[in-house]
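*Asks:*
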Amino acid sequence: MRTAALIVAAGRGTRAGGEIAKQWQVLAGRRVADWTVGVFEAHEAIDRIVIVHAAEDLTEVQGFAERGHLCVQGGATRDASVRAGLEALAADPPERVLIHDVARPCLPAAVIDRVLEALDSAEGAAPALAVTDALWLGAEGVVTGTQDRTALYRAQTPQGFRFNAIVAAHAAHPGGAADDVEVARAAGLHVAIVEGDEANLKITGPEDFARAERIMRQSMDIRLGNGFDVHRFGEGDHVTLCGVTVPHGRSLQGHSDADVGMHAVTDAIYGALADGDIGQHFPPSDPQWKGAASEIFLRHAVELAGSRGYRIANVDCTLICEHPKIGPHAADMKAEMARLMGLEQGQVSVKATTSERLGFTGREEGIASLATVTLVAA
Numbered sequence: 001m002r003t004a005a006l007i008v009a010a011g012r013g014t015r016a017g018g019e020i021a022k023q024w025q026v027l028a029g030r031r032v033a034d035w036t037v038g039v040f041e042a043h044e045a046i047d048r049i050v051i052v053h054a055a056e057d058l059t060e061v062q063g064f065a066e067r068g069h070l071c072v073q074g075g076a077t078r079d080a081s082v083r084a085g086l087e088a089l090a091a092d093p094p095e096r097v098l099i100h101d102v103a104r105p106c107l108p109a110a111v112i113d114r115v116l117e118a119l120d121s122a123e124g125a126a127p128a129l130a131v132t133d134a135l136w137l138g139a140e141g142v143v144t145g146t147q148d149r150t151a152l153y154r155a156q157t158p159q160g161f162r163f164n165a166i167v168a169a170h171a172a173h174p175g176g177a178a179d180d181v182e183v184a185r186a187a188g189l190h191v192a193i194v195e196g197d198e199a200n201l202k203i204t205g206p207e208d209f210a211r212a213e214r215i216m217r218q219s220m221d222i223r224l225g226n227g228f229d230v231h232r233f234g235e236g237d238h239v240t241l242c243g244v245t246v247p248h249g250r251s252l253q254g255h256s257d258a259d260v261g262m263h264a265v266t267d268a269i270y271g272a273l274a275d276g277d278i279g280q281h282f283p284p285s286d287p288q289w290k291g292a293a294s295e296i297f298l299r300h301a302v303e304l305a306g307s308r309g310y311r312i313a314n315v316d317c318t319l320i321c322e323h324p325k326i327g328p329h330a331a332d333m334k335a336e337m338a339r340l341m342g343l344e345q346g347q348v349s350v351k352a353t354t355s356e357r358l359g360f361t362g363r364e365e366g367i368a369s370l371a372t373v374t375l376v377a378a
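In terms of the working numbering, the sequence shown is residues 1 to 378.
1) Report, in whole angstroms, the separation of the C-beta atoms of THR240 and ASP257, which I expect to be a contact under 8 Å.
2) Just mark ILE222 as buried or exposed, buried being the case when its beta carbon has 16 or more other beta carbons within 10 Å.
3) Would you kindly work out how many angstroms separate the C-alpha atoms of LYS202 and ALA272, rounded to a whole number?
4) Along the beta strand (DSSP E) that carries GLU195, what are the first and last residues, could you check?
5) Which residue's Cα is closest to the Cα of ALA187: ASN164, PHE209, ASP208, ILE193?
6) Within 10 Å of its beta-carbon, does MET1 have 16 or more other beta-carbons around it, so buried, or fewer, so exposed?
7) On the premise that ALA264 lies in contact with ALA371, defined as a C-beta separation below 8 Å, what is that separation, rounded to the nearest angstrom?
8) Give the C-beta separation of ARG96 and ARG185 to the nearest angstrom, bearing in mind that I take them to be a contact with Cβ-Cβ under 8 Å.
9) Label SER307 either buried or exposed according to how many other C-beta atoms from any shown protein chain fall within 10 Å of its C-beta, with 16 as the threshold for buried.
10) Please go through the same chain and pick out, in chain order, the residues whose beta-carbon is closer than 7 Å to the beta-carbon of GLY17, but skip the five residues on each side of it.
11) In or out: VAL61 buried (at least 16 other Cβ within 10 Å) or exposed?
12) Could you check whether the Cβ of PRO287 sits closer than 7 Å to any heavy atom belonging to the ligand SAM?
13) Mark LEU358 as exposed unless 16 or more other C-beta atoms lie within 10 angstroms of its C-beta, in which case mark it buried.
14) Identify the continuous alpha helix (DSSP H) that holds LYS382 and give its terminal residues.
15) Whose CA, out of HIS329, ALA301, VAL260, TRP289, lies closest to the CA of THR361?
16) Using only the alpha-carbon positions, how far apart do GLU303 and GLY309 sit?
17) Can you give, in chain order, each stretch of the beta strand (DSSP E) that sits fully within the segment 228-269 and has at least 3 residues?
18) Which residues bound the alpha helix (DSSP H) around ILE112?
19) Below 8 Å, can you find three or more Cβ-Cβ pairs linking the segment 290-300 to the segment 320-329?
20) Which residues does DSSP pair with GLN159 in a beta bridge?
21) What are the partner residues of ILE49, as DSSP defines its beta bridges?
22) The beta strand (DSSP E) that contains ARG311, what's its start and end?
23) Around the C-beta of TRP136, are 16 or more other C-beta atoms found within 10 angstroms, so that it is buried, or is it exposed?
24) If you draw a straight line from the C-alpha of ARG104 to the C-alpha of GLY141, how long is it?
25) How big is the Cα-Cα spacing for ASP197 and ASP148?
26) Check the DSSP bridge columns for TRP289 and list the partner residues they point to.
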């Protein structure tokens, strides 16, 4: 059963403060919207993602469009934006759609699971938390009464529906609904309540950014991987290290282009994913990889990490040799590695050391490389 995620990101969120809309502000190193979209990118049940944005936010959503997501201009109200997203999906309609507020970046995957499970038997389903605090009525700063909290819930998103049912409900609604459950109920749809999560907070005020970051620290999946590689010297007039050609009296020997630095980084990524090494993904017994550019291996590892819901936080690569001297080329190596991995240069370190004339590197028989990579769940 095909499922689409419709992320509503056209609002301005002025109560959150800042010079730009809250969904484009930075939270724990990434924009709020990046975290929110990443949750659905990583969920195996989601087949398509639609981001509904404001007209002035075309540049902000460009990266999502480049990843194959549908980016649609929204309307003046939330329900108008949802209708725009539903209309965009109608050309190739899914069976189910999850409608989610972009300002909820800490959504646990388990909440998505519960909503989808409920949709097996209901036309709509939405997460919520029962109200446990006492409720007062008040005016001008004075308590004027109390309110029974029995059967009251705090609504969350994603709110899920059978696609055709919610499309018809929105088409019949006059507008002005607070959320899609209100639209669904007005059309007579049965909406099941599933358990929400306190972590699934909605960023509303400036203080919510700090709350969201604390939640992310508690639940963040962080992985470390190490890579180590060695290649011997042979005949030649240059070496290729971290994607940069360095003149030298000898060349490194290997089945591929013998880029010892790039190989170590690639193996570090595979290691963080607990998915073997270069030799398993690109066997040296296979003649198609003879003399291959090592960036093929690196790009594969980076793409594999992304497909499993991880982003690369940083890379640290150390080259171990007496000669050639790495210092004059380190900046170029850093820039090339960042380019190949789609990272900022500040996320990549390339440095060198000697082995004090000890061992095979000390005898200048070859070059070794050690790398560490950090992956963070997107």
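Ideal Cβ positions, reconstructed from N, Cα and C, are used throughout, including at glycine.
*Replies:* Quick look at the numbers:
1) The residue labelled residue 240 in the question sits at position 240 within the sequence shown. The residue labelled residue 257 in the question sits at position 257 within the sequence shown. About 5 Å separates the two Cβ atoms, so the contact holds.
2) Position 222 of the sequence shown, counting from 1, holds the residue named residue 222. With fewer than 16 Cβ atoms within 10 Å of its Cβ, ILE222 is classed as exposed.
3) Position 202 of the sequence shown, counted from the first residue, corresponds to residue 202. Position 272 of the sequence shown, counted from the first residue, corresponds to residue 272. Looking at the two C-alpha atoms, the distance is approximately 32 Å.
4) Residue numbering aside, residue 195 sits at position 195 when the sequence shown is read from its first letter. 191-195 is the span of the beta strand (DSSP E), which, as asked, contains GLU195.
5) On the sequence shown, residue 187 is found 187 positions in, with the first residue counted as 1. Selected option, being the one with the closest Cα: ASN164.
6) As a working note, residue 1 is residue 1 in the sequence shown. MET1 comes out exposed.
7) Here residue 371 is taken as the residue at index 371 of the sequence shown, counted from 1. Here residue 264 is taken as the residue at index 264 of the sequence shown, counted from 1. Confirmed, Cβ separation roughly 4 Å.
8) Position 96 of the sequence shown holds residue 96. Position 185 of the sequence shown holds residue 185. With a Cβ gap of about 18 Å, ARG96 and ARG185 do not count as contacting.
9) As a first step, residue 307 is located in the sequence shown; it is residue number 307 there, counting from the start. Looking at its Cβ environment, which holds fewer than 16 other Cβ atoms inside 10 Å, SER307 is exposed.
10) By one-based count along the sequence shown, residue 17 stands at place 17. Once the five neighbours on either side are set aside, the close Cβ partners of GLY17 are PRO206.
11) Position 61 of the sequence shown holds residue 61. Buried, because 16 or more other Cβ atoms sit within 10 Å of the Cβ of VAL61.
12) As far as ligands go, the structure on display features none, and thus does not contain the ligand SAM.
13) As a working note, residue 358 is residue 358 in the sequence shown. So LEU358 counts as exposed.
14) Lying before the first or after the last residue shown, residue 382 is absent from the chain, which here runs from 1 to 378.
15) Indexing the sequence shown from 1 puts residue 361 at position 361. That would be VAL260, whose Cα lies nearest to the Cα of THR361.
16) Position 303 of the sequence shown holds residue 303. Position 309 of the sequence shown holds residue 309. So the alpha carbons of these two residues sit roughly 10 Å apart.
17) 238-241, 244-247
18) The residue given as residue 112 occupies position 112 in the sequence shown. Segment 109-118, the alpha helix (DSSP H) holding ILE112.
19) no
20) What you label residue 159 is simply residue 159 of the sequence shown in a count that begins at 1. DSSP, once it has assigned bridges, lists ILE99 as partnering GLN159.
21) The residue labelled residue 49 in the question sits at position 49 within the sequence shown. Looking at the DSSP assignment, ILE49 forms a beta bridge with ALA5.
22) Taking the sequence shown and counting its residues from 1, the one referred to as residue 311 is at position 311. Note, ARG311: beta strand (DSSP E), 310-320.
23) Counting from one through the sequence shown, the residue named residue 136 turns up at place 136. In the assembly as shown, TRP136 is an exposed residue. Its beta-carbon has fewer than 16 other beta-carbons within 10 Å.
24) On the sequence shown, residue 104 is found 104 positions in, with the first residue counted as 1. On the sequence shown, residue 141 is found 141 positions in, with the first residue counted as 1. Computed Cα separation, rounded: 30 Å.
25) For the purposes of this step, residue 197 is identified with residue 197 of the sequence shown, where counting begins at 1. For the purposes of this step, residue 148 is identified with residue 148 of the sequence shown, where counting begins at 1. Between ASP197 and ASP148, the C-alpha separation is close to 23 Å.
26) By one-based count along the sequence shown, residue 289 stands at place 289. Answer is none; TRP289 lacks a bridge partner.
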